[in-house]
Amino acid sequence: RRKIIIDTDPGQDDAAAIMLAFGSPDEIDILGLCAVAGNVPLKLTSRNIRIICELCGRTDIPVYEGAEKPLVRKPITAEHVHGSTGLNGPVLDEPTMEAQKQHAVDFIIETLMREPAGTVTLCTLGALTNVALALLKAPEIADRVKELVMMGGGFFEGGNITPAAEFNIYVDPQAADIVFRSGMPIVMMPLDVTHQLLTTKARVSRIRDIGTRPAIAMAEMLEFFERFDIEKYGSDGGPLHDPSVIAYLIKPELFEGRECNVEIEVHSELTMGMTVVDWWNVTERPANARVMRKVDADGFFELLTERFARL
Ligand code: BDR
Ligand code: CA
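Numbering of the sequence shown is given in full-length UniProt numbering, commencing with residue 4 and proceeding in unit increments.
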């Protein structure tokens with residue numbers, strides 16, 4: 004059973020990732036959920052996490068609020084994709100559950116220093132601001148993390164917020180740069196993987212057909228989320244980015260990738276936030292991440308549906 008901290012900015016696909024983790028108690032022990040600003044401002048990402056906890060009856064898991072803005076850059080949000088609240092789609096009750104008083108950054112540091120070294124996995128589904136702040140405050144945590152599994156970046160696939168950059172990295176490139184230089188073992192789920200995970204009509208119907216409140220709410224979220232890609236690109240559905248991180252913890256065999264050097268562009272305005280992945284090992288720079296490129300999409304949606312059915 005893997006002990007994890009999920010750092011997230013829900014977002015419908017973040018919600019799907021959290022629900023996949025909730026549906027997998029045999030493999031996953033969630034120590035806490037941390038909110039970060041991203042898809043929508045921090046107050047809303049915190050609210051949205053608590054809504055998901057209540058929807059799934061998991062108010063036992065503590066929720067922490069983290070950074071309200073990126074380290075250096077101005078906040079950037081993505082209401083054009085996720086809607087005004089970040090979880091548009093279903094009608095959801097306002098949460099009564101409250102966030103903890105402790106700051107997410109202190110929770111991350113305290114947990115990593117308390118638990119035996121090499122036993123806690125960090126799962127990041129948004130900008131890397133909270134993790135970077137934790138590293139700046141307590142650099143010794145880098146050696147205590149088992150693995151940091153992130154959704155972020157893109158290489159052969161390019162970007163989704165600029166031609167060069169993926170949203171999570173673009174929101175806080177300086178934070179990503181700190182994380183990639185930290186020496187933490189990193190697993191990266193870039194757009195190259197997540198653009199293979201499309202929420203086709205058949206896949207969403209299977210989720211809706213589960214018939215429970217969480218599953219129906221999820222189907223409604225996915226239908227809202229996918230309209231952006233269907234309308235803009237004429238694709239068969241939306242790319243379900245963030246659950247790839249949790250799926251990797253449960254069934255790593257669904258994914259294929261390799262160890263690479265990854266550096267983050269933090270200087271050029273044109274390519275700001277680009278993840279420069281040395282896939283062909285053309286430099287002498289040592290590998291600092293395991294970068295995924297392929298996924299068994301049917302296997303992934305089968306896992307997702309099976310776990311949603313347990314909620
Ligand atoms: C990432 O950006 C967010 O909008 C999604 O939740 C995902 O984490 C994809 O680029
Ligand atoms: Ca996200």
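Don't be surprised by glycine CBs; every beta carbon is placed ideally from N, CA and C.
Review point. Are there three or more Cβ pairs, one per stretch, closer than 8 Å when the stretch 134-152 is compared with the stretch 173-183?
Key: yes
Point to revise | Member of L74, G237, P217 and C126 whose CA lies at the smallest distance from the CA of C56 | key: If you number the sequence shown from 1, residue 56 lands on position 53. Here the closest residue by C-alpha is P217.
Point to revise | Residue of V285, M116, R313 and I31 minimising C-alpha distance to C126 | key: Locating residue 126 in the sequence shown gives position 123, counting from the first residue. Nearest C-alpha to C126: I31.
Check your understanding: What's the gap between the Cα of R147 and the Cα of A120?
Key -> As a first step, residue 147 must be located in the sequence shown, where it is residue number 144. As a first step, residue 120 must be located in the sequence shown, where it is residue number 117. Rounded to whole angstroms, R147 to A120 spans 4 Å at the Cα level.
Check your understanding: Between which two residues does the beta strand (DSSP E) containing I9 stretch?
Key -> Translated into positions along the sequence shown, residue 9 becomes position 6. Start and end: R5 to T11.
Check your understanding: Does at least one heavy atom of ligand 2 sit under 8 Å from the Cβ of residue 1?
Key -> Any question about residue 1 goes unanswered here, given that the chain covers just 4 to 314.
Point to revise | Length-filtered (4 minimum) alpha helix (DSSP H) runs lying within the stretch 194-268 | key: 194-197, 204-211, 216-236 and 246-253
Review point. Given a threshold of 16 other Cβ atoms within 10 Å of its Cβ, counted over all protein chains shown, does M116 qualify as buried or as exposed?
Key: Position 113 of the sequence shown, counted from the first residue, corresponds to residue 116. It is exposed - the Cβ of M116 has fewer than 16 other Cβ atoms within 10 Å.
Exercise for review: Assign A205 to buried or exposed, taking buried as 16 or more other Cβ atoms, counted over all protein chains shown, within 10 Å of its Cβ.
Suggested key: Looking up residue 205 in the sequence shown gives position 202. So A205 counts as exposed.
Exercise for review: Output the distance between the C-alpha atoms of F110 and K297, rounded to the nearest integer angstrom.
Suggested key: By one-based count along the sequence shown, residue 110 stands at place 107. By one-based count along the sequence shown, residue 297 stands at place 294. Each residue's Cα considered, the two are about 33 Å apart.
Exercise for review: Using DSSP bridges, identify the partner residues of H106.
Suggested key: In the sequence shown, residue 106 corresponds to position 103, counting from 1. DSSP output for H106 lists E68 as bridge partner(s).
Check your understanding: Is it buried or exposed for N171, if we count other Cβ within 10 angstroms and need 16 for buried?
Key -> Position 168 of the sequence shown, counted from the first residue, corresponds to residue 171. So N171 counts as buried.
Point to revise | Simplified DSSP state of K149, which is helix, strand or coil | key: Working through the sequence shown from its first residue, we reach residue 149 at position 146. If DSSP states are grouped into helix, strand and coil, K149 belongs with the strands.
Point to revise | Stretch pair the stretch 270-280 + the stretch 226-246: three plus CB contacts closer than 8 Å | key: no
Check your understanding: Can you name, in chain order, every residue of its own chain whose Cβ lies under 7 Å from the Cβ of D212, other than the five neighbours on each side?
Key -> As a first step, residue 212 must be located in the sequence shown, where it is residue number 209. Nothing listed; no residue qualifies.
Check your understanding: For the stretch 89-133, which segments carrying the beta strand (DSSP E) assignment without a break, of at least 3 residues, lie completely within its bounds, in sequence order?
Key -> 123-127
Point to revise | Spatial neighbours of I210 in its chain, beta-carbon cut-off 8 Å, leaving aside the 5 residues before and after | key: For this step, residue 210 is matched to residue 207 along the sequence shown. Answer for I210: A218, M221, A222, L225, L307, T308 and F311, listed in chain order.
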